[in-house]
Each structure stands twice: as C-alpha cells, then as structure tokens.
Amino acid sequence: GLTLGGGLSFLSAQYGLVCDNVVNYEVVLANASIVNANASCNSDLFFALKGGGNQFGIITSFTMKTYPIGTNGQVWGGVRTYSGTYAEQIINATQNFTENYFQHPKAAVIVTGEIAIDNLLDIFVVFFFYDGETPPAGIFDAFDALPTVTDAAKTQTYSDLLNADDTTNIYGLRYLIRGTTIPNLPAPTGKTLFLNHYNSWKSYVLSNNALHPSFIFSLAFQPMPAIIPAHSAAAGGNALGMDARNGDFMWMEYDISWLTELGDDEAHSTAMNITATIKEQVAAEYGGKGLVNTNWAEGGATIGEGDGKGGENLYFFNDAMYDQETLQSYGDGNYDTLKAVQRAVDPEGLFYGRTGGFKFT
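At position 2 of the sequence shown the residue is numbered 2 (full-length UniProt numbering), and the sequence of numbers has no breaks.
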C-alpha cells in the first residue's frame, strides 16, 4: 500500500514520505501475537515497515502525525493540460522546479506526458499544488507562461483538490506501472537528459501505438528533491535508505493501459522494454565524470559512483513492476536488514508464502 511502500505526496517536501510520518503500527505477527511497532518498541520492525513492504505481518492500524493544511483549510492547485508541442518548455520547467524545491517546499508538481490513439492524443497533464490559498509569484512562472488546453487549478479544500485530480483516471482498463530513477543534473545537462529520455520514450511508444492503437501510454516526472530524504533522516530514517547528500533525483513512472486480455503479453513486454536501457544510457553518458545532482552536498555520491543504491538505481516501491528488484535497490545496506527482520518475525513464511508483493530471496 501507500504507506508500506514509502508513499509520495504533495506534502512530502514539507514532511517527508508518508512512511516517515507513522508514529505506530499495530501488527498481527505470524505467531498470532498482536504487537505495536514504533520508535521505542519493536523498533527494528518499525523501521522495516517504513517502506519495506508487506512481508512482515498484517497491519491492523496506523497511527499518523497530522498537520494543519492550507490557509483556513484552503489550498491552491488542480490539473492543467498542455499540448505536447510544448514538451521542451515543460520539461525545462520541471528540471528547474526540482532544483529549486528547497525554496518552495509548500509547492509541488507531477508532470505527465500522455500518448494515445496513434499520437492523436499528445498532451501533458500537470498536477499543481500549493499549501496555501495562492502560490507566491515566481514558483510556477515557467508553467504559467505556456498556453493551456484546460485549466482547473484554483483555490479549494485539499479533499476537493484530490477528488478533482482523480477525474483524470480512466476506469475499466487493464493497467501496468513501472518505475525508475534518473538524476536531476544541473542545467543545461539535466534538461537535455530529461528531454532526450522523453523523446526516446515517445518514439518507442509511437512505434508500438501504431500496432496497438487501443494502448494509452504515460510518462510521469515525479520530483524527488534532497529535502525529502533529509526529512526522512530527521524522522529516524526509513527502509529506502536515500541520502540527502546525493542531491535531487526524478522518480519516473511509466504507465500503460489497454482494453482486454488480448493485449496483456504485448503490454508487459512493452513496459519492460521502455526502461530496459535507461540506466545503462545514464551510466554510459554521465557516469564516471564526477557529475553530481543539483543540491548535491559534500559526502554524496557522484553519478555512477559505487552501486548507486538508494540513489539513481533506486526503484520506488509504489511505482515498481513485479520483476524489478525493488528491495535490493534500497540504500545503506538496508536489504539485508529488512530480510533479517522478515525472517525473525515470520520464520516459517506464513505471510511470506501467502501474500503478493516484493520478496526477500
């Protein structure tokens, strides 16, 4: 679920991932005992549940931190759509927004490119958020300067905003999500990386969309600024093992939806092929050159340095596809720690063998 996988929200730049804001888990263990897991009781299990998945027990309740929202309960945001002809400007704005996230932690964007019907649909769907009635000037200027196809951004309650965002979902289709992480390098290099990746994705999906016109493809840029893992560390850390010193990244989400089971095999192979070479391309072009992300700090890793776990090779649990080695991609050696906790709380594999999700091998 959202919390057990880490959880990214519009509020993450202020408060960390969703899992960083759990105070206590109530858990049914394989031996039928019911325990609390928090910072002072079963702290190893508490740590494992903060992004480590569902292999440890049955969570019967979460106790969460809460925060005031907006100004008198009002926030600003909503969905804007743009023509795909503005791809370069939108991608440049996204790179710059991510680099400057620390200056505006109350603001958030998720930028999604959409391709369907053999390129008859070629748009960007951008989700905007500001934790207040009106965003200050300067935050969204690069987006504001572009003409929109539709614009539903306005002042409203947070619940109304989230409900309105849900209207972009298309129901009744089969669906696959796959994720990866790429660096947010300083401009102009970072903008070139993003634009080249978008163009490669678009070229590939158009070649497939011509063969399968019922497929809908989307590519989402989800900023992962360094301030989020900094909040995670302040909250005691989590299973993902990200290091704020590595700077800013972009969590990429690739979606495919289609109509019937006749498209299952092609959709699965297409999803895998979309991300098959991105890490190798980044490593080959940018690795080993001492390049660093925006907002990199002393002690952080350069691009391609070491194993990159918890950094550019991390798979975000909530976006990852079944064949991606998500838990193994976590940083700080956390995979072995999580595996040891799982073996300790479920030594006979009662839950491990009866639930889906990412496994410890």
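Yeah, the Cβ is synthetic: ideal placement off N, Cα and C, and Gly gets one too.
Quick check on the DSSP output: the alpha helix (DSSP H) that includes residue i runs from which residue to which?
i    : result
P229 : 227-234
R343 : 334-345
Could you spell out the range, first to last residue, of the beta strand (DSSP E) harbouring residue i?
i    : result
A108 : 107-116
Q89  : Q89 -> not in any beta strand (DSSP E); alpha helix (DSSP H) instead, spanning 87-99.
S83  : 74-83
Report, in whole angstroms, the separation of the C-beta atoms of residue i and residue j, which I expect to be a contact under 8 Å.
i    : j    : result
G51  : V345 : Contact doesn't hold; Cβ gap of about 16 Å is too wide.
G237 : F62  : With 8 Å as the limit, G237 and F62 do not qualify as a contact, their Cβ atoms being about 18 Å apart.
L206 : I90  : With a Cβ gap of about 18 Å, L206 and I90 do not count as contacting.
I278 : H197 : 7 Å
F316 : G53  : Not confirmed; about 12 Å, so no contact.
A30  : F351 : 6 Å
G300 : N246 : 4 Å
F129 : P225 : About 14 Å separates the two Cβ atoms, so there is no contact after all.
D131 : V75  : 6 Å
G331 : Q55  : Not really, about 19 Å apart at Cβ, beyond 8 Å.
L49  : L120 : Contact flag wrong, Cβ pair sits at about 45 Å.
I274 : W201 : 6 Å
A32  : I227 : Not confirmed; about 42 Å, so no contact.
Counting only beta-carbon atoms, is residue i nearer than 8 Å to chain D?
i    : result
D248 : The question asks about chain D, but that chain is absent: this structure has only one protein chain.
For residue i, which residues from the same chain have a beta carbon less than 6 Å from its beta carbon, with the 5 sequence-adjacent residues on both sides left out?
i           : result
residue 413 : The question about residue 413 has no answer, for the chain in this structure spans 1 to 361.
F360        : K339, Q342
N334        : A239, G241
G304        : A283, G287, G288
P229        : M242, A244
F194        : I91, Q95
N112        : A quick correction: the sequence has Thr, not Asn, at residue 112. Excluding residues within five positions, the ones whose Cβ falls inside 6 Å are V125, S218, A220.
T294        : E99, N184, P186, G247, D248
S214        : W258, L259
G84         : D122, I123
I69         : Y158
By Cβ distance below 7 Å, which residues in the same chain neighbour residue i in space, the five residues on each side in sequence not counted?
i    : result
Y15  : N21, Y67, H231
T270 : N208, I256
M321 : L176, I177, R178, A271
G73  : T157
K65  : N21, V23
A39  : F46, G236
T71  : G132, E133
Q328 : Y335
Leaving out five residues before and five after residue i in sequence, what residues of the same chain have Cβ atoms less than 8 Å from its Cβ?
i    : result
I170 : I216, S257
L2   : V18, N318
L173 : I216, S257, W258, L259
A234 : G16
I34  : E26, V27, V28, T60
L161 : V75, G77, G78, F129
Check your understanding: Is the number of C-beta pairs between the region 135-144 and the region 157-172 that are closer than 8 Å three or more?
Key -> Result no; under three Cβ-Cβ pairs closer than 8 Å.
Exercise for review: Can you check the region 220-296 for any alpha helix (DSSP H) of at least 4 residues that lies completely inside it and give the ranges in chain order?
Suggested key: Taking only runs of at least 4 residues, the alpha helix (DSSP H) segments lying wholly in the region 220-296 are 227-234, 264-275, 278-286.
Review point. Counting only runs that start and end within the UniProt domain "FAD-binding PCMH-type" (1-69), where is the alpha helix (DSSP H) found for 4 or more residues in a row?
Key: Complete alpha helix (DSSP H) runs here, min 4: 12-15, 43-49.
**Study point:** At least 3 beta-carbon pairs within less than 8 Å: the region 149-162 vs the region 91-111
**Key:** No contact exists between the region 149-162 and the region 91-111.
Review point. Mind pulling the beta strand (DSSP E) runs of 3 or more residues that sit fully within the region 113-186?
Key: If we require 3 residues or more, the beta strand (DSSP E) runs fully inside the region 113-186 come out as 121-130, 154-157, 174-183.
Review point. Using 8 Å as the Cβ pair cut-off and three pairs as the minimum, do the region 283-297 and the region 337-352 touch?
Key: Because the criterion of three Cβ pairs below 8 Å is not met, the region 283-297 and the region 337-352 do not touch.
Review point. Counting pairs of Cβ atoms below 8 Å between the region 261-274 and the region 231-244, do you hit three or more?
Key: Verdict: no, contact absent.
Practice item. Kindly confirm or deny that the region 94-104 and the region 210-228 touch, where touching means at least three C-beta pairs closer than 8 Å. Key: They touch, by the three-pair rule.
Point to revise | Stretch pair the region 311-320 + the region 180-191: three plus CB contacts closer than 8 Å | key: The region 311-320 and the region 180-191 touch, with no fewer than 3 CB-CB distances between them shorter than 8 Å.
Check your understanding: Taking contact to mean at least 3 C-beta pairs separated by less than 8 Å, is the region 122-139 in contact with the region 75-86?
Key -> In this structure the region 122-139 lies against the region 75-86, because at least three pairs of beta carbons, one per stretch, are closer than 8 Å.
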